[in-house]
Structure formats: C-alpha cells, structure tokens
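Colleague: Before we start, here is the structure in question, set down as structure tokens.
Protein chains in written order, with the working numbering: chain A, 1 to 335; chain B, 1001 to 1508.
Written as structure tokens, this is what we have:
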C-alpha cells in the first residue's frame, strides 16, 4: 500500500499534466454541482466557448513563455509586445497596406523585440528580468507614442473576420482564435517534446555550462526563445485586435504576470530545465475555468485575483513538499 | 571491537546498529562505529557504500531509521542539522561552501559575528579570526575576499569555520580531493594537531595513502554495511582495498597499449594571456599523453582552449596536418575533439535530468530524423551504454543527481565516446570516484587508445600519471617545463619539473 502511494506520488510529480487535469475536472464538477438548476450554465457549450476565447490570446503568449522559462530565462515584455504588434498591424492596414503584409509586419515587430531582448541578455549579460522589464516599459511607451493614446479603429472587415467564427460544413462554427490556440499549443507541445532543436532548450535551462560543453550553441538557443515569445505575443496582439475590432496602447496590460503564473502552475521551474507546453496550457485553462466559475457563482469579482494567487502558491508548494518535509513539519507542529 | 592506540579513551561519537533506508538509494545497515577523543578515524568505501549517508545521519540531515547515536555517552535525538551544530558536530563538505564575496573573517564567523551596539564589530571579528586560524600555521589575510584564495586555502578556511564553533566532533568529506600534494601534507599536519587537542575526527576519503599518513583507525563500508574496522597499524593497503571491493583488484592500471601511430594533433606555440604561454606539443594516434603539474599551472586552460571553450590569443593547432579553426565547443566536437571537464557537476551533468537525457545531450543529431528525435533510438543507445560502461542505475529514467560520482563519470565518458571522437581530453577523469570505478575508467581510456584515438589525461595524482600515460608533459606556471617518457618517469622527476626545478630531464 505504502509502495503504491509512493509510486503514485512519483508518477504525479513526473507528470504534472495529470495533476492539473485532475484538479481541473474536480473544479468543473464542483462548479457544476454547486448551483443546481437551470440557471447554472457552467457546463454548456456556449460557456466553454467563452472560456476558450477568453484564454486564447494568453495561450499564445504562454507557449512562448514556456520556452523562455525552460531555457532559464524570463520575459516581462510580452504584454507590451502584444499592444505594439497589434497597433503596428492595425495602423498599416488603416493606411491601406494589404492585410497579410500588415500582419507579417506586426509579427516582425515582435521578432525584433525578441532579438533585442535576447542579444542584450546573452551578449551583454544583463539579467533577463531587468532586460525585459526595461523592454516592457520601452515598448509600452512606443505603443503610446504611435497611437497618441487613441485606439486604432476602422480595421478592414477581411481582417476582423479573423476574430469571428470558422465555419465547417456549413453548420459547425468555431471561433478562429480557438482554432489558432489549439493548433499552436498542439504543434508547440509536440515540437518541444520531440524536435531536436527544441530539446536543446531543456539542456540550456538544465545547466547552461554543461550545454556549452555538450556542443550546444547556447546563445543561439536562448535568443530563439525570446524571438518566439516576441512573435507569439505580437500574434496575440493581432488576434485580439481582430476580435475587439480595434488596437489600443493599453492592450495586454498585466498579461505578463498572468502568463508567467500559468506557466509556473503548469509545472515549469523558474530555475529552468523543467516544464511542458501542455502543462502550461492546462495551468492557464485552470485559472480561466475558476475565474469563469466564480463569475457564474456571482462571487465578488475581485475575489478572482485572490484565488488565482492562491492556486499559484499551492501549485508551487505542492512541488516542493516531499515526505521528509511533511514529517518535519508535523514534528514542528507537535513540539 | 578492536582496541588501538586510543585504547582507554572514551568514545566521543558512537553509532550503535544504525540503519537507514531510502526508496531508490543504497543506505546503511546495522552500522556501528566509535570515534574516540583525540582519534582520527578514517572512513573508506566505494562510492555508494554509504559514507555520505552516514555523515548525513550524524550531521542531522537525515534521521536514522533504527539504532542509536551517542555523543559523549548520551543518546542524541537529531531532528535537524541545527541540532547537530548546537551539540558540537561539524561537517566539512567536499564542495567548498564559502561565500566568495565575503572576507575570510566574515566567512569563519558567518551568522555568528561579534557585535557592538548591534553592528558587526569588524576589529573584534578579525582578531578572533586570527585566533581561530592560529593553530593552522598558515598565512591567510583575514581581510581578503575568499574568492581570491587558492582552493587549498579555501579548504583551510572551511575547516577553520568548523573549528570556530569549538566542536566535539569534526567530520571531513574528502577534504583533499582538490588539493595539491603539498597542500594535502599541510592539511594532514593541521588535522593531527586538531586531534591532539582532544576532539574526534571522522575522515572520509578515497585515498589509501592518506589513511596511513594520518588515521589511527579505519572503518570500511561496503553496500551500507561495515565490513572492517581496524587500527591502521594492524592493516595494509591490500587488505583495505580487498574489503572495499570484496575482490582482489588484479591490476590497478591497464598495461601500456601496443602500437602508437603517427601524428594526430600538433599544437604550435599557443598562448593565452595570464594563463599559458608558448605551449607546443604533438599527440599521436593510440597514445595517452599526460599533463602533469600543480593546480594553476595552466593545464586545464590549455585543454579548454583546444576545445574552444576559452579563446587563445596566439598559436596554431593542426589535426592530421590540417589547420583547425575552432571558435566554440560545437566546432571542436564536430572536428572530433571531445573534452571531459574536471568539474563534473558544474560543467558536465544536467543533475535534474534523466540518465538518457544526459547521455544524448551532445549527440542529438544522431538520434533524429528530419529534426524529430526518436525516443526508441535514444533509449536503446542509452541502455546499451549503461550495459557496456557498467553504469549502476535503477533505470535510464533515473535523475543523475542520484547516481554516485563514479557512475556519473562513466555516464559522461559514455556520452563523449558515443560521438566517436578522434581525440579525447580527460581533465582529472578519476577525481572523487572510488577505486573500482577508477580502474574501469583507466581501462576505458586505454581501450580507446587501442582503437587509434589520441588521449590527453590531465591529472594531479602522480601515480595515475605514471601508471597510465605513455608520455608526460609537465607544466609549470603556464609553460611546459619538460617532457618525460613512461619508462623514464618517476614521481621525483615530475615534481622537480612541476615545481620549476629548472633542469630539464628530457628523455624519449
């Protein structure tokens, strides 16, 4: 019996995804049971569509952030990049540039921010936290300068259609943001597990010097991770402006902390080398579901933050606890 | 229990039938030990034999499952490391754990500084530090930052810090593993002095020679059990080795190889400012070339420059007559030069990752098609290597953190050899690993030579250099001070060259 428990604990620690998924299912069940009757629309397709659309932009950033954090880095500039990417794309379209060209330009802005962050971190050796903190402030400032604080509107309808539904066989309708989210998460999860290039991200985060001695081009890998967050954040910006039919300089404010929380809840370690895209995505979904459930339960809307913070600290603490520590804690309680 | 020199003295530390179990790791089974006042008690055993566990149990890091620990005749209840510290049990770990940016005095009294009006009294701090260092009879400026000291002096500061708490029992875990010979001798003198003041010393080591130089009694552990305890005067190295491994080591060093081939690597006048100067040599196929010298003589720097980790300022390197342009380790591995770093944990291993992840890290290309890795191929190759190199691990999914030092080193070698290198540079390949693993590593290196690979071995252990290498280059202060052939080499000759004795003893 004890042996089984021990094995189970090991299995759960090794596969964070199962644990979060379990918690997620438990959460759903309790929200479903908490308020019986017809007015509880928690378990309806319509509500899940809302949840999914709500997390769809964060999910793109979560994918990039997972890479950065596994490589032992950190990126605070994602929220600002989201804003600037959306604005650049929007401004160009309003000025008459073709939609695809404007989108590529928006993504390039994200890539450029990533390259600059990555170069400063690897070649000059500034701490990632500081580098991207500065990046976050500068990029947000640029977004405000470009827009003069008035949102970009009048986006072409061929573009805003991206915020709408994809139609299949004439009767299945799935919002494009959800489609994009699912595709990006699945592809990224597969590549991070199986591709040769992305496997290097784990080695770099696991032990940077050992990675160098293994012949891994460490700086190249780290810069790549920042470019990926940049591009994915800009993509998030483009998608959210398509959905909201406008791009504003305040878009994505505070997104960086939400995204980092989700990645950490999903099992990544800030010291690097550990984490998966699927775990991080489930972390984000968990937070999204709980926030949604609390709204439906009509819990005080400001409780959302309290709960999100508690999930974060619980998830990380659960990781740190082992039997030895529990025993010690128990002994301390008794003494 | 056998009585020795310390007959009659009261035991300071006593372990009675101590057992400890871990889920995956070998631990302790029914171990009893007595360390008496004024005694230096050596503890020896292969890696994984339970030495570290024993120290951790006594140090309060892990509670024992069964059995008793007594200090000065009283049964201890150790909950935390702090309990052990308060009772006067001090541990000096193998890895130096000083704060490099604080001064010597600050390190010695870390957490326990003398204060005046709530502020640190710097003058008093330095005075007391001098007092603590006094019996060590070495000159260490108490004001200097620890990061600036040599490894040998850091080790002494580490011991001084332990002594500052006037302990009853001092436990040392392989304190000499990164020390030069003269530093080791100085340390042995210091420890003898400390013991004569009446404290007990438990000394964990891998080096047989040291046991006979300094210990009063020796306990041998094997697979978590005590297999021998004897006064040192009543035993001999052969007996200790036999009880450690449970078998006779047929031969400690593999016999010299057969044919040494033509020139493989030629190094011409490579120089790196304030590290090494004008270093030239050749390495031939199937040859083991030794780099001997004192720590700080520039051997590691030369090796890391060849590997592309450090940049050289001048000079040229030719592989098979072709000039190499190596800018980073990736280039170097691509041209067939592999490097086994001295600092296993810092530069070699991904401690939080599995055996298989560690094994494939330098060789991902080999296990992938169109950029996608094949889990089955990686697992298969790794399982093969685990078998071939006899790496002891419960599974290839085990985190390497839980492997013993010898097995970690074999894993690193396996990783490099999977690359089929033309040249292998092994930096202190057997440091801190047990006798059995050591001889396996030696055999591996020799077998590699027989396949035509050129091997460079950097080693601070003279017997290893003498036993293993076909030719030895001796470094002194960043230059090659002489070359000695296997036939002509003696410890004296090498030490002479290494200490800058001048006179060249060249012979081929």
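All C-beta atoms in this analysis are idealised placements derived from N, C-alpha and C, irrespective of residue type, glycine included. Keep in mind that this is a model prediction, so the values were computed, not measured.
#1: Does the region 1274 to 1284 of chain B come close enough to the region 1402 to 1412 of chain B to have 3 or more Cβ pairs within less than 8 Å?
#2: Just the chain B side, please: which residues come within less than 8 Å of residue 209 of chain A by C-beta, in chain order?
#3: Quick one: residues in its chain with C-beta nearer than 6 Å to the C-beta of residue 1302 of chain B, no 5 flanking neighbours on either side, listed in chain order?
#4: Could you check whether the Cβ of residue 329 of chain A sits closer than 9 Å to any Cβ belonging to chain B?
#5: Please check the pair residue 1164 of chain B and residue 1108 of chain B, which I expect to be a contact at CB under 8 Å, by giving their CB distance rounded to whole angstroms.
#6: With H, G and I counted as helix, E and B as strand and the rest as coil, what does DSSP make of residue 1300 of chain B?
#7: Per the DSSP calculation, residue 1292 of chain B is bridged to which residue(s)?
#8: What are the boundary residues of the alpha helix (DSSP H) that residue 219 of chain A is part of?
#9: Is residue 1262 of chain B closer than 9 Å to residue 1226 of chain B when the C-beta atoms are compared?
#10: Quick check on residue 1372 of chain B: does DSSP put it in helix, strand or coil?
#11: Assuming residue 159 of chain A contacts residue 239 of chain A under a Cβ cut-off of 8 Å, what Cβ separation, rounded to an integer in Å, is found between them?
#12: Could you give the distance in angstroms between the alpha-carbon of residue 76 of chain A and the alpha-carbon of residue 70 of chain A?
#13: Please decide whether residue 80 of chain A counts as near chain B, where near means a Cβ-Cβ distance under 9 Å.
#14: Answer with yes or no whether the minimum CB distance from residue 1375 of chain B to chain A is below 9 Å.
#15: Under 8 Å by Cβ, that's how I've got residue 1020 of chain B and residue 1028 of chain B pegged, so tell me the actual separation to the nearest angstrom.
#16: Going by DSSP, what residue range makes up the alpha helix (DSSP H) through residue 944 of chain B?
#17: In whole angstroms, what is the alpha-carbon distance linking residue 230 of chain A and residue 78 of chain A?
#18: Tell me the rounded alpha-carbon separation between residue 66 of chain A and residue 57 of chain A.
#19: Would residue 217 of chain A pass as an interface residue toward chain C - the criterion being a Cβ-Cβ separation below 9 Å?
#20: Could you tell me whether the region 133 to 146 of chain A touches the region 180 to 197 of chain A, where touching means 3 or more Cβ pairs closer than 8 Å?
#21: Would you report the Cα separation of residue 1492 of chain B and residue 205 of chain A, rounded to the nearest angstrom?
#22: Does the Cβ-Cβ distance between residue 55 of chain A and residue 235 of chain A come in under 9 Å?
#23: Going by C-alpha distance, which of B:1204, B:1210, B:1116 is nearest residue 1184 of chain B?
#24: What's the gap between the Cα of residue 1379 of chain B and the Cα of residue 1352 of chain B?
#25: Got a sec: which bits of the region 273 to 306 of chain A sit with their beta carbon under 9 Å from any beta carbon on chain B, in order along the chain?
#26: Alpha carbon to alpha carbon, what distance is there between residue 1114 of chain B and residue 1124 of chain B?
#27: Assign residue 1268 of chain B to one of three DSSP states: helix, strand, or coil.
#28: What are the start and end residues of the beta strand (DSSP E) that includes residue 1128 of chain B?
#29: I'd like the list of long-range same chain contacts for residue 1509 of chain B, defined as Cβ closer than 6 Å, with 5 residues on each side in sequence excluded.
#30: Take every Cβ of the region 1420 to 1435 of chain B, pair it with every Cβ of the region 1459 to 1472 of chain B, and state whether three or more of those distances are shorter than 8 Å.
#31: Whose Cβ in chain A lies nearer than 7 Å to the Cβ of residue 1490 of chain B?
#32: How many Å lie between residue 1031 of chain B and residue 1154 of chain B at the Cα?
#33: So is residue 103 of chain A buried or exposed if we call it buried at 16+ other beta carbons inside 10 Å?
#34: Is the shortest distance between the beta-carbon of residue 224 of chain A and the beta-carbons of chain B less than 9 Å?
Modeller: Looking at the atomic coordinates:
#1: no
#2: Within chain B, the residues 1346, 1347 have their CB atoms less than 8 Å from the CB of residue 209 of chain A, given in chain order.
#3: 1276, 1279
#4: No, residue 329 of chain A does not count as interfacial toward chain B.
#5: 5 Å
#6: helix
#7: B:1474
#8: 218 to 244
#9: no
#10: strand
#11: For residue 159 of chain A against residue 239 of chain A, the beta-carbon gap comes to about 11 Å, at or over 8 Å, which does not count as contact.
#12: 15 Å
#13: no
#14: Look at residue 1375 of chain B: its C-beta is under 9 Å from a C-beta on chain A.
#15: 4 Å
#16: The question about residue 944 of chain B has no answer here: the residues shown for chain B are numbered 1001 through 1508.
#17: 7 Å
#18: 15 Å
#19: In the structure shown, chain C does not exist; the protein chains are A and B.
#20: no
#21: 46 Å
#22: no
#23: B:1210
#24: 18 Å
#25: 273, 274
#26: 7 Å
#27: strand
#28: Residue 1128 of chain B -> not in any beta strand (DSSP E); alpha helix (DSSP H) instead, spanning 1122 to 1133.
#29: With chain B covering 1001 to 1508 only, the question about residue 1509 of chain B has no answer from this structure.
#30: yes
#31: The contacting residues do not exist; residue 1490 of chain B stays about 34 Å from chain A at best.
#32: 32 Å
#33: buried
#34: No, residue 224 of chain A lies away from the interface with chain B (no Cβ there is under 9 Å from its Cβ).
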